[in-house]
Amino acid sequence: MMRGIGPQRPLFEEDGAFSWLCTEAELEKTGSCVRQKNEITAVFSYGITATVLATLLMGSTVDFLGPRIGAFLAECCVAVGLVCLAVASKDASAFYYIGAVMLGAVATAPMLAAFSISTLFEGSAGTVTSLISGTFDASSAAFLIAAKIFTAASISLRAGLLGYAALVLVGVGALVLFAYPRKVFTAPSPTSASTGGDGGELVAPVEGDVRGGEGGEGVTRSTSEAETGLIVMERGEGEKKAQSEEGETEASPRVVTNISSDSPSSKIRTLGTILISWRFLLFSIFWVIIYLRFSFYLATVSQQVDAMGMAELADGFNLVLPFGCLSVPIFGAVLDRFGIPTAGLVLNILGVTSSALALVGVGWVQWAHFVLFSCYRSALFAFFYCWLGLNFGYQFLGLLAGVVSLAGGLIQFANPSVNEWVNAEDALSRYQVVNWVFLCLGLLSFGYVGVLFWESGRERSSRNVQG
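What follows is the structure, encoded as structure tokens:
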């Protein structure tokens, strides 16, 4: 939901959120209320910050407890958050913040659970991951549709939020009814299955599923594997055979997984090695720089175009933003065809060009900026999750994404204060100063892109030497 911040803002402004902060003199003079806009910006800034900070918690939940438990917790929090926003008022304005934070905190859980699907598509992981991310980006269009429906049917925002909360609770009920209890089966003992004997004790019941081909062959997946590590099974070349005392029997399907070991200590060592690697640290710095600019502009776009004297363009931005997902297949193809370094170069060019266009107070230039920013937004998340998945696998994807996002989230707490400083006087000039800072940071980020190309070249040379 927090990715739809742009389309949501007009809904809350029209519903009168924080309208008690406005004075008649200000409304008559400017036709708008700066304090109201600042307060709504602060609400959604904290919501976006919660999205970033809670990614560590929700990602760890999905990684270690499984997507079903993650989805259950997320849906419950969404329902509570929607109710908080619905009951918020002048005397209970804190519920605006509570609702936004709860919605933002669980925003990434369903998406993180879906990324491991990309391991099924060898050679197209970048495209599949990008498409999953783009689908979540497109969800912000739901608020544009909701605004039209609410207006046409004279439905208040409060009624709409409560109705959506009821729909979410139906989803929680469906999850409980159909996802639990899982089937429990009893697998035959290895001795009985391999020798064809008629006896043998049965092993303890195992939760999970069995996949097998003809002749009763199969592989049993435990609950922890089914929940936290996607296992791709394929037949080895030439239908590999194994010799046994009973004669020649077909070997079990080869198991390909990103789980290095079932040992908890081994997993902790693997995770620790990743977290202290210079590759991960450099990527974290790169992400914080680009995400800081992205999140600030997303939270203040309506105020920036208003300061330029083009307030009507804010609705245009809300309309263009969801369609950035249409660029995702192209960006995914770049990832798969040309690799991470080229994709990083394309991403940074989009970001720097977008920052430069944000400085120009001309209508058609701002429209071009909206289009580029929308593409940049979609490519940003696609690159983020693809980079983590392709470099470190998907076993710890949620946790690693949370660690990287944590740094960006802490910096995000400064956004409301910066926005208040900008609007204190001569907002246009101060917004320009902020945008110039972000443009310079974007130019510095090309240094990281150079590191990506250097790494890629070194790995290619190493493979050539070994070959």
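Using my numbering, read the sequence shown as starting at 717 and increasing by one per residue.
Note that CB positions come from ideal geometry on N, CA and C, so glycine has one too.
Predicted model only: the values in this text are computed from it and were never measured.
Taking a cut-off of 8 Å on C-beta distances, the stretch 841-849 touches the stretch 1048-1062, as three or more cross pairs fall below it. Taking C-alpha positions only, threonine 824 is separated from leucine 1042 by approximately 20 Å. In this chain, the alpha helix (DSSP H) harbouring alanine 1098 covers 1079-1108. Counting along the chain, the unbroken alpha helix (DSSP H) around proline 783 starts and ends at 783-803. Glycine 1040 is not a Cβ neighbour of serine 1121, given a cutoff of 8 Å. DSSP places phenylalanine 1033 in the helix class (H, G or I) of the three-state scheme. In the structure shown, lysine 806 adopts coil according to DSSP, grouped into three states.
Straight across, the Cα-Cα distance linking alanine 1027 with glycine 988 is about 49 Å.
Inter-residue distance for cysteine 800 and phenylalanine 1162 is about 43 Å (C-alpha atoms, whole angstroms). If you look at tryptophan 994, you'll find it in the alpha helix (DSSP H) that goes 994-1023.
Shown here for phenylalanine 866: same chain residues with a beta carbon closer than 8 Å to its own, the five before and five after excluded, namely Leu727, Ser872, Leu873 and Gly876 in chain order.
The closest CA to that of serine 993, considering only Leu1116, Ser761, Ser1172 and Leu769, is found on Leu1116. Look at valine 822 here: in three-state DSSP terms it is coil, with no helix or strand label. Contact check for glycine 1158 against asparagine 1064 passes: the beta carbons are separated by less than 8 Å.
Cβ-Cβ separation between leucine 1113 and leucine 1104: approximately 6 Å, consistent with a contact (criterion under 8 Å). For leucine 769, the three-state secondary structure derived from DSSP is helix. With fewer than three CB-CB distances shorter than 8 Å, the stretch 1029-1036 does not count as touching the stretch 808-828.
For asparagine 1180, the number of other beta carbons within 10 angstroms of its own is below 16, and it is reported as exposed.
Assignment of alanine 1074 by DSSP, reduced to helix, strand and coil, places it in the coil class. Residue range 1044-1054 is occupied by the alpha helix (DSSP H) that includes leucine 1051.
In this structure the stretch 784-791 does not touch the stretch 731-743; the number of beta carbon pairs closer than 8 Å is below three. Threonine 739 sits in coil when the DSSP states are folded into three classes, being neither helix nor strand. Distance between serine 809 and tryptophan 736, taken at the CA atoms: about 11 Å. Serine 748 and threonine 1016 have their alpha carbons spaced roughly 15 Å apart. Distances from the CA of phenylalanine 852 to each of Leu828, Gly1077 and Phe1108 were compared; the closest alpha carbon is that of Leu828. Separation of arginine 1146 and asparagine 1139 (C-alpha to C-alpha, rounded to the nearest whole angstrom) is 8 Å. Using a 10 angstroms sphere on the CB of leucine 1126, the tally of other CB atoms stays under 16, which defines it as exposed.
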